[in-house]
Amino acid sequence: MASGQLDKILVCSIPVLYWLLPVVPVWAEEYESIPVINAAGFLPGDLLHSEHHRVESMDISGGFFQFQVDSEFGFYQVTSLALLRTRVQEIKTLAQAINQFETEDDQFSAILRSQLHVSGESAVEIITSPFGTATQLAGQMANNLGDTLAGVDILAEQEGFRYENTEPADAIAATHKRNIASQHGLDVYSTNEDVQAFLNTVTKARTSGKISAGVALVRNQNTAGARIANKELDRLVNLKLKNNPVSELAAINDQILGRMVVGQDLRGRFLHHTMYSPRHQTVIAAYLDYLAGVSNRAAFVNAALSAGNEAEALSCEQLVRMLVLYHDQFNPLYNLHVLQGVTGAITGDGKIIFFLADDILYWSEATSNKYHALADNARAAGFSEPELVTSGTITPVARRNLEDTGFVLHEDFFSMAGR
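Sequential numbering of the sequence shown, starting at 24, is according to our numbering.
Given below as structure tokens:
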């Protein structure tokens, strides 16, 4: 089979954007309503609740779970299981840090507790203003903290990098903030305003001469990343995030993507995409770079442009991790394509594998049309037994219909890969 033949069949789009296709099966099928899932029976205990948080409800929106989470820092609405893991880790880390500071510095602990429950106008101002007493700073925060963060519509198109507003203009303060985030296992570009408030306050303390502030030993590191190549890839990504400001990360990622023959215009659109933080971009670039020798990696970057919210951006990050894990641990990949909203790969031994990073796949009319079209296109290209690898859950009805359609299924991929 010539690659040109496959190129005529495969069409690029975004993994999480479900298109209604014109292909309609002639046989009657059992379609599902949106499933109802009991969080207590589905989530592992450490995600369901802890002394610092509790998942109150769990719903489904598209292919993602939606959670209402109560915590000692207030309520969070979280879309996607991957983001829930991140938020729970953030909540636990903040709580542990504040509790430990209580035993070492009551004044600083009071500052942290006060600033996590207020909103205001300028998160960057708090870093550069004089460091006063706990009472003064708490009052200052109530008036000044956060409009830079809280006032930004994270879904709105804006010039430049979406996340650049969380980086202090002062280079020394920015370096402190990245170091503090790294020490606590937090994402310096997190959209969690409590995380930003915590990082900004500790940064302010350090830049004001309280050198020891923020060095409480917290061992609640985020281990959600795919672990491959003796952890070297994740270690290198984390070092880049710690050691480089936003502008330098953009230059590094641009250079990496350029080596993959990703065109300049496409690189620019991806690196200025408002849904992707510098962390998302750095992870995606590094993991695609790991797939050296796999052709058409630009198709993945092009597909990523359609991400419309944080859950979809995180899904793209999860998806590239899946590609690398599969390539590294199961079957080397040869060529990437994106067909009808699903990322596909041809393996070196001639199989076609489709990858999905959604939380759940249930059998609706749209799902039926989509996967019948995928199977038909795969067979037309000479692949008789397509495989579907998903990081999430497939309902029994969807599983039966997918298998009847000809798919070989692999669910809960990260557990299967031993992540």
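For every residue, glycine included, the Cβ atom is placed at its ideal position computed from N, Cα and C. Bear in mind the structure is a predicted one, so any value in this text is a computation, not a measurement.
- With distances taken between CA atoms, alanine 330 lies nearest to Leu294 out of Leu294, Phe353 and Ala315.
- The C-beta distance from valine 284 to alanine 321 rounds to 6 Å, short enough to fall under 8 Å.
- Here arginine 110 has Val92, Tyr99, Val101 and Asn215 as same chain residues with Cβ atoms under 7 Å from its own Cβ, once five neighbours each way along the sequence are excluded.
- DSSP places arginine 402 within a helical segment (H, G or I) once states are collapsed to three.
- For glutamate 410, the beta-bridge partners assigned by DSSP are Ile376 and Val431.
- Residue burial is scored here from C-beta neighbours: lysine 254 has fewer than 16 other C-beta atoms within 10 angstroms and is therefore classed as exposed.
- Here the C-alpha atom of methionine 439 lies approximately 19 Å from the C-alpha atom of alanine 368.
- Per DSSP, the continuous beta strand (DSSP E) segment holding leucine 356 begins and ends at 356-362.
- Here DSSP, grouped into helix, strand and coil, assigns threonine 224 to helix.
- Annotation: the continuous beta strand (DSSP E) that includes histidine 76 extends over 76-84.
- Counting along the chain, no alpha helix (DSSP H) covers serine 94; the unbroken beta strand (DSSP E) around it starts and ends at 87-94.
- With respect to valine 347, leucine 379 sits apart: the two C-beta atoms are not nearer than 8 Å.
- Leucine 362 places its beta carbon less than 8 Å from that of asparagine 400.
- Scanning Gln278, Leu311, Ile376 and Arg136 for the CA closest to the CA of aspartate 257 turns up Leu311.
- DSSP places isoleucine 275 within a helical segment (H, G or I) once states are collapsed to three.
- Counting along the chain, the unbroken alpha helix (DSSP H) around alanine 120 starts and ends at 104-127.
- Per DSSP, the continuous beta strand (DSSP E) segment holding isoleucine 369 begins and ends at 365-370.
- For glutamate 340, the uninterrupted alpha helix (DSSP H) segment begins and ends at 333-352.
- Secondary structure of threonine 214 (DSSP, three-state): coil.
- A direct Cα-Cα distance of roughly 6 Å separates threonine 366 from histidine 360.
- When the five nearest sequence neighbours on each side are left out, the beta carbons in the same chain lying within less than 6 Å of the beta carbon of glutamate 52 are those of Ser391, in order along the chain.
- Its Cα nearest to that of phenylalanine 430, the residue Ile376 stands out among Pro355, Gln287, Ile376 and Glu388.
- Buried is the label assigned to valine 412, since at least 16 other Cβ atoms lie within 10 Å of its Cβ.
- In the three-state DSSP reduction, threonine 297 falls in the coil class, being neither helix nor strand.
- Cβ-Cβ separation between threonine 116 and histidine 207: approximately 6 Å, consistent with a contact (criterion under 8 Å).
- Proximity to aspartate 277 across Pro268, Ser270, Arg290 and Pro301 peaks at Arg290, based on C-alpha coordinates.
- Comparing alpha carbon positions, the residue from Phe353, Tyr299, Leu432 and Gln138 closest to glutamate 340 is Tyr299.
- Contact between leucine 425 and tyrosine 394 holds, since their C-beta atoms are separated by about 6 Å, short of 8 Å.
- Counting the other Cβ atoms within 10 Å of the Cβ of serine 407 gives fewer than 16, which makes it exposed.
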